[in-house]
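Input: a single structure, listed below in structure tokens.
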Amino acid sequence: MLGNEKGRLNIDLKAVQDLVEEWKKKYEDEINRRTAAENEFVVLKKDVDGAYMEKVKLETRVDLITDDLNFLKLQFDAELSSVQVQGTDTSVILSMDNSRNPDMKDIVHAVQAQYQQIADRSKAEAEATYNNQFKQLQAVAGQHGDSIKNTKDEILDLNRFIQRLINEIKSVKKQIDAIKQSIAEAEQHGEAALKDAQKKQAELEVMLQKLKEDMARQQREYQELLNVKLTLDIEIATYRKLLEGEEDRMSGYIVDNVSIAVVSGGSSIGGGGGGGGGRGGGGAGGGYGSGGGGGGGGGGGFSSGGGYGSGGGGGGGYSGGAGGSGGGGGGYSGGAGGSGGGGGGYSGGGSGYSTGEGYSSRGGGYSSASRGLVAVASTTTSTSKKTY
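Right, dumping it as structure tokens:
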């Protein structure tokens with residue numbers, strides 16, 4: 001989500017930058033146009049100034065010509081007055097033909113008319129030339145005035161447009177700054193969220209590791225408890241069989257053969273053919289688990305050898321070996337640690353149920369030294385009722 005927001009902001013920023021570049025180009029074009037207009041205005045101003053100077057020169061020339069004309073008029077009047085005075089003061093008597101006497105007034109009037117005509121013609125020519133040049137200058141000045149007015153209007157429009165562009169550029173720059181600030185804030189929030197997520201992930205990984213360790217420890221404890229339970233179940237089943245066999249023996253049944261298989265590293269025990277082992281009878285051979293696990297030893301039966309509570313006896317039987325619970329070797333499993341080799345009995349003197357080797361005997365008791373998974377493979381019991 002943060003990446004999408006950043007991409008969108010980058011697109012907006014690029015669009016704004018393109019818009020700024022476009023307005024910047026337009027602004028530069030307007031600046032160039034304004035510069036060209038100002039240059040043209042300067043050229044036109046020079047032309048107007050030149051025309052005005054020409055007008056001043058022509059006006060000065062007209063004044064000079066007028067002054068010359070007035071001077072010539074004054075000179076002519078002075079000469080005419082001088083001639084008239086000379087003619088008045090001089091008395092000449094000539095005898096000439098009256099028809100050949102010149103008329104001075106006519107001559108003076110003719111000369112005066114000639115000069116007046118020349119002066120009028122020069123004045124008319126000067127006025128015509130001045131008027132033509134003045135009209136031309138007025139036309140040029142009017143054209144330049146219109147051009148200058150248009151140029152001024154264009155300059156005003158360009159100034160307003162430039163001011164509007166400057167304001168828009170400032171607004172766009174503010175938008176760009178706001179977008180950059182938003183991007184920076186989004187990056188900061190994203191980094192903070194990422195760090196928080198990484199921290200939580202590390203905490204969860206540590207917690208998961210602890211839970212895995214606790215689970216492994218609990219599994220080990222459970223496995224140990226399960227092994228203990230299985231061992232106890234086997235022991236309970238074994239003692240149940242022993243008690244049932246004892247009850248059957250006491251009820252008159254004789255157990256001929258019992259076979260128990262112990263899996264996972266255990267040894268198997270079995271009885272041999274235990275002969276003579278009655279309630280009060282002695283005899284050799286094996287009891288339930290006599291001797292070395294297969295054959296019987298001497299003094300075998302329930303009370304053989306030493307009896308249930310007597311001492312002495314040999315081999316192994318239910319109470320074989322060292323006799324009964326009060327005798328020397330052991331109790332129910334005396335002599336062979338439950339029907340194995342030497343060791344403790346059920347509660348006998350040498351080694352009781354909870355002393356010595358117990359059921360984990362050297363000679364192969366009910367449970368082997370490995371204390372693994374124990375299962376009773378088969379039990380074969382044949383009983384025959386005996387009447388005393």
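Under UniProt numbering, the residue at position 222 of the sequence shown is numbered 222, and the numbers go up by one with no gaps.
Each residue gets a CB set at the ideal place from its N, CA and C atoms; glycine is no exception.
Distance CB(residue i)-CB(residue j) smaller than 8 Å
i, j, result
"Arg34", "Ile148", "no"
"Val48", "His144", "yes"
"Phe76", "Gln112", "yes"
"Leu80", "Tyr130", "no"
"Leu13", "Ser182", "no"
"Ala184", "Leu2", "no"
"Ala78", "Thr151", "no"
"Lys45", "Ala119", "no"
"Glu168", "Trp23", "yes"
Sequence-distant residues of the same chain with beta carbon closer than 6 Å to residue i, five excluded per side
i, result
"Val83", "none"
"Gly342", "Low per-residue confidence applies at Gly342: pLDDT is 35, beneath 50, and the placement is therefore not dependable, though the value from the model is reported in the following sentence. Here the set comprises nothing."
"residue 396", "Outside the displayed range of the chain (1 to 388) lies residue 396, so it cannot be described from this structure."
"residue 391", "Nothing about residue 391 can be reported from this structure: the residues present for the chain run from 1 to 388 only."
"Leu19", "none"
"Tyr27", "Leu165"
"Val92", "Note that Val92 scores 49 on pLDDT, short of 50, meaning its location in the model is unreliable and no value can be drawn from it."
"Gly190", "Leu2"
Close Cβ partners of residue i (< 8 Å) along its chain, the five nearest in sequence each way excluded
i, result
"Ala202", "none"
"Val16", "Val172, Gln175, Ile176 and Ile179"
"Glu30", "Leu158, Phe161, Ile162 and Leu165"
"Val140", "Asp47, Val48 and Ala51"
"Ile65", "Ser122, Lys123 and Ala126"
Candidates the options, of which the one nearest residue i by Cα
i, options, result
"Asp68", "Ile169, Ala126 and Ile166", "Ala126"
"Asp63", "Asn32, Val42, Lys123 and Ala36", "Lys123"
"Asp153", "Ile11, Phe41, Gly7 and Asn4", "Phe41"
"Gln133", "Arg121, Arg61, Asp106 and Lys170", "Arg61"
Neighbourhood of residue i by C-beta, 7 Å cutoff - its chain only, sequence neighbours within 5 removed
i, result
"Tyr388", "Low local confidence applies: a pLDDT of 33 at Tyr388 is under 50, so the model's placement there is unreliable, and no value is given."
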